[in-house]
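Visitor: The following block contains the structure, expressed as structure tokens.
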Amino acid sequence: MLMFFSIANNSVTVVGSDASYTKPIKSDYITISPGQTIDFLLKANQKPSHYYMATHVYASVANYNNKTTTIIDFTGRFRSLGNKDYPVDYPVDVPKNVTNMNFFTLFLNTVLCPNNSCKVALDEPFLANIVPRALWRPRSGTKVVLDYNSTVEIIFQGTNTVGGIDHPMQLHGQSYYVVGWGFGNFDRDGDPLNYNIVDPPLMNTIAVPINGWTTVIFKASVWLLHCHLERHVSWGMEKVFITKDGKGKEARMLPPPPDMPPC
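Structure follows, in structure tokens:
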């Protein structure tokens with residue numbers, strides 16, 4: 001679930017996310033999703049006093065107290081640290097020649113028992129009886145085979161099945177450029193015209209808006225892609241791309257060790 005963080009009577013400047021710099025963004029609060037990291041700067045320029053630091057979730061389970069509050073106390077003035085001169089412009093190399101485009105819908109299935117009643121066999125486990133087979137982890141899926149280092153574009157489309165929710169989609173082991181997002185259904189003809197391919201943020205986790213869409217671009221390699229809500233992962237909202245070996249030793253999968261047990 002999305003979480004908001006703020007410091008009373010203070011503003012912060014976001015300078016990075018998921019270990020990559022972003023364009024500085026000044027705000028009275030920050031928004032963060034499960035799996036994300038955010039770097040921000042706080043200029044302690046208020047008079048010495050006590051200032052509340054608080055977080056609040058966008059939505060949570062009913063009747064659950066998740067209040068998280070603390071206090072920061074400015075007690076004095078610290079000496080300035082020596083600042084290095086950094087280049088004003090930092091080049092962003094966004095892959096533009098997309099060779100593999102994917103459109104993923106994000107939703108949660110549900111298959112209700114007829115007349116709200118499920119028959120249970122007494123000689124089998126209770127849970128396996130009442131949970132329909134359609135709600136188990138999938139037995140098979142669509143294979144997505146990629147050439148090593150090819151440019152991949154993914155459009156995540158949120159849906160309203162079983163109630164809309166934001167899905168924090170994380171790609172392990174590497175990052176992607178978030179080139180676009182919006183609410184409602186993705187417009188294949190119009191929305192790509194507004195992609196930011198000049199200086200988009202480089203992240204490894206992005207919260208797809210409720211009933212909205214997000215587009216990311218990255219170079220292909222073998223890593224896990226999944227929703228960072230653990231319950232959704234257990235229901236099958238995850239995948240691993242099948243990526244072919246590239247040229248050279250470092251672009252190839254290592255063989256399994258000889259003592260690795262078989263599946």
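Under full-length UniProt numbering, the residue at position 159 of the sequence shown is numbered 159, and the numbers go up by one with no gaps. From the three backbone atoms N, C-alpha and C, an ideal C-beta is built for every residue, glycine too. A quick note: this is a predicted structure, and the numbers were derived from the prediction, not measured.
1. Is Lys249 helix, strand or coil by DSSP?
2. State the CB to CB distance for the pair Ala8 and Tyr52, rounded to an integer number of angstroms; the pair is presumed to be in contact (CB under 8 Å).
3. With H, G and I counted as helix, E and B as strand and the rest as coil, what does DSSP make of Leu229?
4. Is the segment 15-35 touching the segment 202-220, taking contact as three or more C-beta pairs under 8 Å?
5. Could you work out which residue in Asn102, Trp235 and Pro168 is closest to residue 336 when comparing CA atoms only?
6. With 16 other CB atoms within 10 Å as the buried threshold, where does Asp166 fall?
7. Just list the alpha helix (DSSP H) runs in the UniProt domain "Plastocyanin-like" (140-246), keeping only unbroken ones of 4 residues or longer that don't cross its boundaries, in chain order.
8. On the CB-based measure, 16 or more other CB atoms within 10 Å of its CB, does Cys263 come out buried or exposed?
9. Within 10 angstroms of the Cβ of Gly184, are there 16 or more other Cβ atoms? Answer buried if so, exposed if not.
10. Distance check for Ile38 and Lys5, CA to CA, integer angstroms please.
11. Unbroken beta strand (DSSP E) runs of length 3 or more, entirely within the UniProt domain "Plastocyanin-like" (3-69): which are they?
12. Decide if Ala207 is buried, meaning its Cβ has at least 16 other Cβ atoms within 10 Å, or exposed.
13. Mind checking who Met101 pairs with in its DSSP beta bridge?
14. Let's test the definition: count the other Cβ atoms within 10 Å of the Cβ of Leu42 and tell me whether it reaches 16, buried, or not, exposed.
15. By DSSP's criteria, Leu106 is part of a beta bridge. Which residues make up the other side?
16. Pick out whichever of Gly164, Gln174 and Ile154 has its Cα sitting closest to the Cα of Gly180.
17. What distance in whole Å lies between the Cβ atoms of Asn100 and Ser175, which are believed to be in contact at a cut-off of 8 Å?
18. Please report how far the alpha carbon of Ser49 lies from the alpha carbon of Ile30, in whole angstroms.
19. Measure the CB-CB distance between Leu164 and Ser221 and report whether it falls below 8 Å.
20. As a quick exercise: from Met1, Val240, Tyr148 and Gly158, pick the residue whose alpha carbon is nearest that of Lys249.
21. Can you say whether Gln46 is buried or exposed, counting buried as having 16 or more other CB atoms within 10 angstroms of its CB?
22. Could you tell me the distance, in whole angstroms, from the CA atom of Thr159 to the CA atom of Asp259?
Guide: Judging by the given coordinates:
1. helix
2. 4 Å
3. coil
4. Touching, yes.
5. Look at the range of the chain in this structure, 1 to 263, and you will see that residue 336 is not part of it.
6. buried
7. 230-234
8. exposed
9. Exposed, because fewer than 16 other Cβ atoms sit within 10 Å of the Cβ of Gly184.
10. Before going further, note that residue 5 is Phe rather than Lys in the sequence given. One C-alpha to the other measures close to 11 Å.
11. 3-7, 12-17, 20-27, 29-32, 38-42 and 50-57
12. buried
13. Glu153
14. exposed
15. Gly158
16. Distance check between Gly180 and each of Gly164, Gln174 and Ile154 places Ile154 closest, using alpha-carbon atoms only.
17. The pair is not a contact, with the Cβ atoms about 17 Å apart (cut-off 8 Å).
18. 22 Å
19. For the sequence presented, residue 164 should be read as Gly rather than Leu. No. Outside cutoff.
20. Tyr148
21. exposed
22. 44 Å
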